[in-house]
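Take 0 as the starting number for the sequence shown in numbering that gives the first Met the number 0 and just add one per residue.
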Amino acid sequence: MFSLFPSKIQRQEEIFRNCKLLNELPHCLNNDYITQQLYHYFQLLYNKQPLPFTLLKKKSKFGDGVFFKSNNNHLDNNNKFILKKGNLICIYPGTCYEINDPIFFSSFKNSFINQRNDFSRIDGKDCGISKYIYLSLCKRDYIYLKDKSIIQQADNSWLNFKDIHDDCNDGLTNNNIKENVQKNEEKRRLIKNPLAIGHYINSPVNNNNLKSNVMYFEYNFLQKDWPLHLRQFIPNISYNNLSNNENLITKSIVLLALEDLESEDGNLELLANYLNVN
0 MFSLFPSKIQ RQEEIFRNCK LLNELPHCLN NDYITQQLYH YFQLLYNKQP
50 LPFTLLKKKS KFGDGVFFKS NNNHLDNNNK FILKKGNLIC IYPGTCYEIN
100 DPIFFSSFKN SFINQRNDFS RIDGKDCGIS KYIYLSLCKR DYIYLKDKSI
150 IQQADNSWLN FKDIHDDCND GLTNNNIKEN VQKNEEKRRL IKNPLAIGHY
200 INSPVNNNNL KSNVMYFEYN FLQKDWPLHL RQFIPNISYN NLSNNENLIT
250 KSIVLLALED LESEDGNLEL LANYLNVN
């Protein structure tokens, strides 16, 4: 993930994704187009309205994974909700480190660091020193108003995803199912932005029978695009204080669908190649 030169499998993946999206749907690979989608989803969250799909964290053959489920309340004319190819599905959360930022201690035994093409890195680990650095940076960037209220410029609730298990009923007796469902729902209510779960998406790179159905893509949260009331849903923060930067809030990585996605039962696992970010 820190190599400066693409491997053979990275080149193959890049060719595959360019054929899938760049040549077919070039408008999808655009910061402004992604902003439109994110703005719509963040506005729904701000108004406490449901998203058209749910991303579940469940066990898969790789460990914890992310599964896609269409939400019934967004069905139109008895048709299932379909996330169209090229559209945004989730965000890779965490602290953004530039190439010269001190990341050594955070990177120790850390498999959640994802590198962009500009060599900045997103640390999506939700425990240990990575967690405490992220929480500290969130407090650093609070905006304090005269009435002593606080405006958050980053979401830290994604750190609670480690405690969520949407398949918590498997293997339990009926007596325990209701209690487990209730506990999991309580934990889910702590999540402010349910799209900030990209750090739990697995890679099919070592399995010839599986292929990626989502892809990583670089995205920048820009000052001009994000009013203060929606910044509370941004699950990334820069290690360096960008208060003097007139353009950038933080760099990020999002995930886009490589094919049309639909699932009524929530058993469609999302898979992405770790080795390359466009």
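Note that beta-carbon positions come from the ideal geometry of N, C-alpha and C, so glycine has one too.
Distance CB(LYS56)-CB(ASP125) smaller than 8 Å | The answer is no: Cβ separation not under 8 Å.
Assess, as a yes-or-no matter, whether the segment 83–93 is touched by the segment 246–259 under the definition of 3 or more beta carbon pairs within less than 8 Å.
-> A contact exists between the segment 246–259 and the segment 83–93.
Segment contact, 8 Å Cβ cut-off, at least three pairs: the segment 192–211 with the segment 48–68 = The segment 192–211 vs the segment 48–68: in contact.
Going along the chain, which residues of its own chain have a beta-carbon closer than 7 Å to the beta-carbon of ASN155, five neighbours each way excluded?
-> Result list for ASN155: TYR133, LEU134, CYS137, in chain order.
Mind checking whether GLY268 and SER59 have CB atoms under 8 Å apart?
-> Note on residue identity: the sequence assigns Glu, not Gly, to residue 268. Taking 8 Å as the cut-off, the Cβ atoms of GLU268 and SER59 count as close.
When DSSP labels each residue in this structure, what does LEU74 get in the three-state scheme?
-> Per-residue confidence for LEU74 stands at a pLDDT of 49, beneath the threshold of 50, marking its modelled position as unreliable; the derived number appears in the next sentence. Note: LEU74 maps to coil in three-state DSSP.
Just how far apart, CA to CA, sit ASP264 and CYS95?
-> Spanning the two alpha carbons is a distance of roughly 34 Å.
If you draw a straight line from the alpha carbon of PHE1 to that of VAL65, how long is it in whole angstroms?
-> The pLDDT assigned to PHE1 is 42, lower than 50, so where the model puts this residue is not dependable; a value taken from the coordinates is nonetheless given after this. One C-alpha to the other measures close to 24 Å.
Note down, in chain order, each residue of its chain lying with its Cβ closer than 8 Å to the Cβ of LYS177, except the 5 sequence neighbours on either side.
-> Contacts found: none.
What's the gap between the Cα of ASN266 and the Cα of GLN151?
-> Roughly 34 Å between the two C-alpha positions.
DSSP beta-bridge partners of VAL253 = VAL253 is bridged by DSSP to ILE90, PHE216.
Can you check the segment 129–157 for any alpha helix (DSSP H) of at least 4 residues that lies completely inside it and give the ranges in chain order?
-> Entirely contained in the segment 129–157, not one alpha helix (DSSP H) run reaches 4 residues.
Close beta carbons around LYS145, own chain, < 6 Å, minus the five adjacent residues each side | Excluding sequence neighbours, LYS145 sits near nothing in its chain.
If you run the structure through DSSP and keep just helix, strand and coil, what is GLN222?
-> Annotated three-state conformation of GLN222 is helix, per DSSP.
At which residue ranges does the segment 30–83 contain complete beta strand (DSSP E) runs of 3 or more residues, listed in the order of the chain?
-> The segment 30–83 contains these whole beta strand (DSSP E) runs: 52–59, 62–69.
Would you kindly report the start and end of the unbroken beta strand (DSSP E) that includes SER237?
-> Per DSSP, the unbroken beta strand (DSSP E) holding SER237 starts and ends at 235–237.
Would you decide whether TYR337 is buried or exposed? Buried here means 16 or more other CB atoms lie within 10 Å of its CB.
-> What is shown of the chain runs 0 to 277, which leaves residue 337 out entirely.
State the Cα-Cα distance for the pair SER341 and PHE80, rounded to the nearest angstrom.
-> In the structure displayed, the chain extends from 0 to 277; residue 341 sits before or after that span and is not available.
Contact the segment 215–223 vs the segment 236–247: 3+ CB pairs below 8 Å = Put simply, the segment 215–223 touches the segment 236–247. At least three CB pairs are less than 8 Å apart.
Start and end of the alpha helix (DSSP H) containing SER279?
-> Outside the displayed span of the chain (0 to 277) sits residue 279, for which this structure offers no information.
Out of LYS147, SER148, GLY127, ARG139, point me to the one whose CA is closest to ASN159's CA.
-> The option with the nearest alpha carbon to ASN159 is GLY127.
Can you tell me the Cα-Cα spacing of ILE90 and PHE103, whole angstroms?
-> Cα to Cα, the separation comes out at about 24 Å.
What residues in its chain sit with their C-beta under 6 Å from that of PHE111, if we drop five residues either side in the sequence?
-> Correct list, in chain order: GLY123, LYS124, HIS198.
Please work out which residues of its chain come closer than 7 Å, Cβ to Cβ, to SER119, disregarding the five sequence neighbours upstream and downstream, and give them in chain order.
-> When the five nearest sequence neighbours on each side are left out, the beta carbons in the same chain lying within less than 7 Å of the beta carbon of SER119 are those of CYS95, TYR96, GLU97, ILE98, LYS250, in order along the chain.
Does the Cβ of ARG230 have 16 or more other Cβ atoms within 10 Å, making it buried, or fewer, making it exposed?
-> With 16 or more Cβ atoms within 10 Å of its Cβ, ARG230 is classed as buried.
Between the Cα of TYR38 and the Cα atoms of HIS228, GLY93, SER237, ASN240, which residue gives the shortest distance?
-> Cα-wise, what sits closest to TYR38 is HIS228.
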